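Beneath this line is the structure, given in structure tokens, with notes to follow.
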Amino acid sequence: MATEQQGWADKPRNRQLVRRAIYLACVLLVVADFLVHRHISTGAERLPAFYALYGFVALVGVVMAAKGLRLLVKRDEEYYDR
Amino acid sequence: MTLPAFHPFLPFLIAAALALVTRGWLRSAILLAAPVIGFWQLLGAEVGTMTTYRIMDMQIVPYRVDDLSLMFGYLFHLGAFLAVLFALHVRDTMQQVSGILYAGSAVGAVFAGDFVTLFIFWEILGLSSAFLVWAARDERSLNAGIRYLLYQVLSGLLLMAGLIWHGYATGDLSFTAIGLQSPAAWLIFFAFGIKAGFPLLHNWITDAYPTSTATGTVFLCAFTTKVAVYALARGFPGAEPLIYIGAIMACYPIFFAVIENDLRRVLSYSMMNQLGFMVCGIGIGTTLAMNGAVAHAFNDVFFKGLLFMSMGAVLHMTGRTKASDLGGLYRSMPVTATLCIIGAMTISAFPLFSAFVSKSMIMAALLEEGRWVIWLAMLFASAGVLEHAGIKIPYFAFFAHDSGIRAKEAPLNMLVAMSLAAAVCLGIGFNPGLLYDILPFDVDYAPYDLTHVLTQLQLLAFAILGVVFLHRSGLYPAEIRATNIDAEWLWRKALPAVSRKVFATLQALSVWTGVIRKRLETEGAYVASRNSLQAALTRSWPTGSMVLWVGVFLALMLLAGLIGGAGR
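Those protein sequence lines, which keep their order, are chains A and B.
Each residue of the first sequence is one higher than the last, beginning at 41 in the working numbering.
Each residue of the second sequence is one higher than the last, beginning at 21 in the working numbering.
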């Protein structure tokens, strides 16, 4: 790293800043959920911060399920060529 | 000033012919002119125009302008212009000619007022695009192109059988909403379904799109599947099965996209996912849902085009598209990286980006119809989009670990094409009226109300939080060089294996029963063909078996046509 300058996105400090911005946005959006009156069309939406919870759970669920799927479907790169 | 009326396919056909005999900048200018001239005429086209001919007792309508065909007409001209612009540096007759012909056939298909005309353009669409796959000129693309063509041929066969049967049964060949009451309609339904990437019939997308050239894939991603969405919207609005098919299409590919290493294949899975939203919207069939579906198709050409363009630019400059090979390119390709992020934010449906204003119409329609289980599935799929297309694509290409690749920024024509696509994504995001004004049904919908914006931001922000959590905890799956087997395994591995078994069993039987054996030996031609088949079992067998099945299918279709005719 001495010979080449680090890019902005590689600096740990900048990465930390980005993460903090994400945390802050999440907190603000949950707070907003209690201040703002949302239109409700289904029962699930009545849950406070339903969309936030669902977004987090869905994403972690997708990735973890995909990891499991990999056990089932992963083959080497030349699989179809043999 | 308006141009004299001509069939909208004509500029593309003429450009393709002229491209054959010209070269260099002149050819580029001709290719760019085709969509411009076509678009110019379209601006003066009047809704309700129909050109009708009677040929052999059939009512042929090669040109029909209504709100739906006009919207897709605009779309395909814009998409063709961007794709040509992105490929302006290419000097390859095969690619340039087939590309413009392909774009033209998509235009022809949406203005087709009857099934026969539709079928003709449907076939040109499939055939011309196969050359775009082959344009990469390596063994991988050759084989993928043949498999791709087989899917297209199968779709064409189904359409042909369906339209003949439908024509006999009803005496009407006009391409309108035909519903799913008759078996003929089901044939047509699946013909459209193959090109729309219905689950289990989708592998031609994930197989062929990543193997084409950097520019070829940009053409491919714009037309075939959108023509299919148009055809479904025209022929089967409100068909209940489409709701479930669409939901499966939206959810199924997101798992594969997470673990896929080739970023253009990730985008191919992502394409199926987005098509799922459109197909589902068509299935709901209310004006809000139909508007949402076609609006999303419109936006998809630009945001998915932009993403494929950015990965095409990366491929063009570095020769790679695999996540495990890339990373750290943001420093050397900052403009491409920025434009890619705009595409990524659009597909994730952030407010102020175009997909937000179209996808939320489909989601709102689901809630309006009380289909909350499907709605939950689509919301789940939306979080999946953010992961694989919103974050994974830009992250692994331009950030992640430094791959050590020192590339240059993409050529100017690529950057301009990407910038224009990005401008459309943002333009429609900021001013949805631009798009809403050309939708086929009246729009009574406001995307930017507090609930929509807040809930979407919550969903996205916490999905991003999920990604951060997975990365920080080390749970995020590493990018691995691998093939992930999908439904295509059935015909590329299982079917050949089964047929090999059957063949071996027959052979064993023939050894036991001398009579059969003798017959086999006396029929020299059969023995010869058997021997060559055995040699081919190693590689080209999957394709061979597909050809066989297509043959079987054709026979079945003909039989079906006969039965349909007899029942009249």
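Just so it is clear, CB atoms sit at the ideal spot from N, CA and C, and this is done for glycine as well.
On a predicted model such as this, the values are computed, not experimentally measured, just so you know.
Practice item. Pair every Cβ in the region 69-82 of chain B with every Cβ in the region 407-414 of chain B, then say whether three or more of these pairs are closer than 8 Å. Key: Contact fails: fewer than three Cβ-Cβ distances are below 8 Å.
Review point. Using a C-beta to C-beta distance shorter than 9 Å, which residues of chain B count as neighbours of Asn71 of chain A?
Key: Here residue 71 of chain A is Val; the residue named in the question, Asn, does not match the sequence. None at all; the shortest Cβ gap to chain B is about 11 Å.
Check your understanding: Is the CB-CB distance between Phe590 of chain B and Leu121 of chain B below 8 Å?
Key -> Nothing can be reported for residue 590 of chain B: it is not among the residues displayed for chain B, which extend from 21 to 588.
Check your understanding: Mapping DSSP to helix, strand and coil, what is Asp464 of chain B?
Key -> If DSSP states are grouped into helix, strand and coil, Asp464 of chain B belongs with coil.
Check your understanding: Residues of chain B with a CB under 7 Å from the CB of Leu109 of chain A: which are they?
Key -> Phe275, Ile279
**Study point:** Where the beta strand (DSSP E) containing Arg84 of chain B begins and where it ends
**Key:** 78-84
Practice item. Measure from the C-beta of Pro230 of chain B to each C-beta in chain A and report whether the shortest distance is under 8 Å. Key: no
Check your understanding: With a CB to CB cut of under 7 Å and the five nearest residues on each side skipped, what residues in its chain are close to Ala502 of chain B?
Key -> Asn281
Check your understanding: So with Cβ pairs under 8 Å, would you call Thr590 of chain B a contact of chain A?
Key -> Outside the shown range of chain B (21 to 588) lies residue 590 of chain B, about which nothing can therefore be said.
Check your understanding: When the distance is taken between beta carbons, is Ala156 of chain B closer than 8 Å to Thr233 of chain B?
Key -> yes
Practice item. Please list, in chain order, all residues of the same chain as Arg414 of chain B whose beta carbon is under 6 Å from its beta carbon, the five residues on each side excluded. Key: In the sequence as presented, Arg is not what sits at residue 414 of chain B; that position holds Pro. So the list reads Cys360, Ile361, Ala364, once near-sequence residues are dropped.
Review point. Quick one, which of B:Tyr289, B:Tyr264, B:Ile265 has its alpha-carbon nearest Pro273 of chain B's?
Key: When only C-alpha atoms are compared, the closest one is B:Tyr289.
Practice item. Show which residues of chain B have a CB atom less than 7 Å away from the CB atom of Ser96 of chain A. Key: The residue asked about is misnamed: residue 96 of chain A is Phe in this sequence, not Ser. Here the neighbours are Phe482, Ala483, Leu485, Gly486.
**Study point:** Alpha-carbon to alpha-carbon, Ser402 of chain B and Leu193 of chain B
**Key:** 39 Å
Practice item. Report yes if the C-beta distance between Pro257 of chain B and Ile302 of chain B is below 8 Å; otherwise report no. Key: yes
Check your understanding: In angstroms, rounded to a whole number, what distance separates the CA positions of Thr338 of chain B and Val117 of chain B?
Key -> 26 Å
Check your understanding: Does DSSP classify Leu57 of chain A as helix, strand or coil?
Key -> helix
Practice item. Show which residues of chain A have a CB atom less than 9 Å away from the CB atom of Thr306 of chain B. Key: Residues of chain A passing the Cβ test: none, with the nearest at roughly 15 Å.
Check your understanding: What residues in its chain sit with their C-beta under 6 Å from that of Arg559 of chain B, if we drop five residues either side in the sequence?
Key -> Unreliable placement is indicated for Arg559 of chain B, whose pLDDT of 47 sits below 50; the coordinate value is still reported in the next sentence. There are no such residues.
Review point. Which residues in the same chain have their Cβ closer than 7 Å to the Cβ of Trp206 of chain B, if we skip the five residues on either side of it in sequence?
Key: Counting only Cβ-Cβ distances below 7 Å, and skipping sequence neighbours, we find Leu200.
**Study point:** Pairwise C-alpha distance: Leu63 of chain B and Leu88 of chain B
**Key:** 14 Å
Practice item. Output the distance between the C-alpha atoms of Leu183 of chain B and Ala129 of chain B, rounded to the nearest integer angstrom. Key: C-alpha separation (whole angstroms): 15 Å.
Exercise for review: Answer yes or no: does any C-beta atom of chain B fall closer than 8 Å to that of Ala105 of chain A?
Suggested key: yes
Check your understanding: So, is the C-beta of Arg601 of chain B closer than 8 Å to a C-beta in chain A?
Key -> As displayed, chain B neither begins before 21 nor continues past 588, which places residue 601 of chain B out of reach and without an answer.
Review point. What residues match up with Thr73 of chain B in a beta bridge as DSSP calls it?
Key: Reading off the sequence, residue 73 of chain B comes out as Tyr, not Thr. As computed with DSSP, Tyr73 of chain B is found in a beta bridge with B:Ile80.
**Study point:** 8 Å Cβ cutoff met for Val463 of chain B and Asn311 of chain B
**Key:** yes
Review point. Would Ala92 of chain A count as contacting chain B if we go by Cβ distances under 8 Å?
Key: yes
Check your understanding: Between Ala555 of chain B and Ser161 of chain B, what straight-line distance do the alpha-carbon atoms span, to the nearest angstrom?
Key -> Low local confidence applies: a pLDDT of 48 at Ala555 of chain B is under 50, so the model's placement there is unreliable, with the coordinate-based value given in what follows. Rounded to the nearest angstrom, the two C-alpha atoms are 22 Å apart.
Practice item. Please list, in chain order, all residues of the same chain as Leu477 of chain B whose beta carbon is under 7 Å from its beta carbon, the five residues on each side excluded. Key: Pro371
Review point. For Leu553 of chain B and chain A, any beta-carbon pair shorter than 8 Å?
Key: Because the pLDDT of Leu553 of chain B is 48, which lies under 50, any placement of that residue in the model is unreliable, and the number read from its coordinates should be weighed accordingly. Chain A contact via Cβ: absent.
Exercise for review: Give me whichever residues DSSP pairs with Ser194 of chain B in a beta bridge.
Suggested key: Listed as beta-bridge partners of Ser194 of chain B by DSSP are B:Asp134.
Check your understanding: Can you name the residues of chain C whose CB is closer than 7 Å to the CB of Tyr83 of chain B?
Key -> The chain labelled as chain C is not found among the protein chains of the depicted structure, namely A and B.
Practice item. Using 10 angstroms around the beta-carbon of Arg111 of chain B, count the other beta-carbons present and answer buried if the total reaches 16, otherwise exposed. Key: Arg111 of chain B comes out exposed.
Check your understanding: In the region 395-412 of chain B, which residues sit with their C-beta less than 9 Å from some C-beta in chain A, listed in chain order?
Key -> With the criterion set as a beta carbon lying under 9 Å from some beta carbon of chain A, the members of the region 395-412 of chain B are Trp395, Leu396, Leu399, Phe400, Ala401, Ser402, Ala403, Gly404, Leu406, Glu407, His408, in sequence order.
Review point. What are the start and end residues of the alpha helix (DSSP H) that includes Arg520 of chain B?
Key: Run containing Arg520 of chain B: 515-532, per the alpha helix (DSSP H) assignment.
Review point. Can you name, in chain order, every residue of its own chain whose Cβ lies under 7 Å from the Cβ of Gly242 of chain B, other than the five neighbours on each side?
Key: The identity of residue 242 of chain B in the sequence shown is Ala, whereas the question assumes Gly. Around Ala242 of chain B: Gly99, Ala103, Val321, Gly325.
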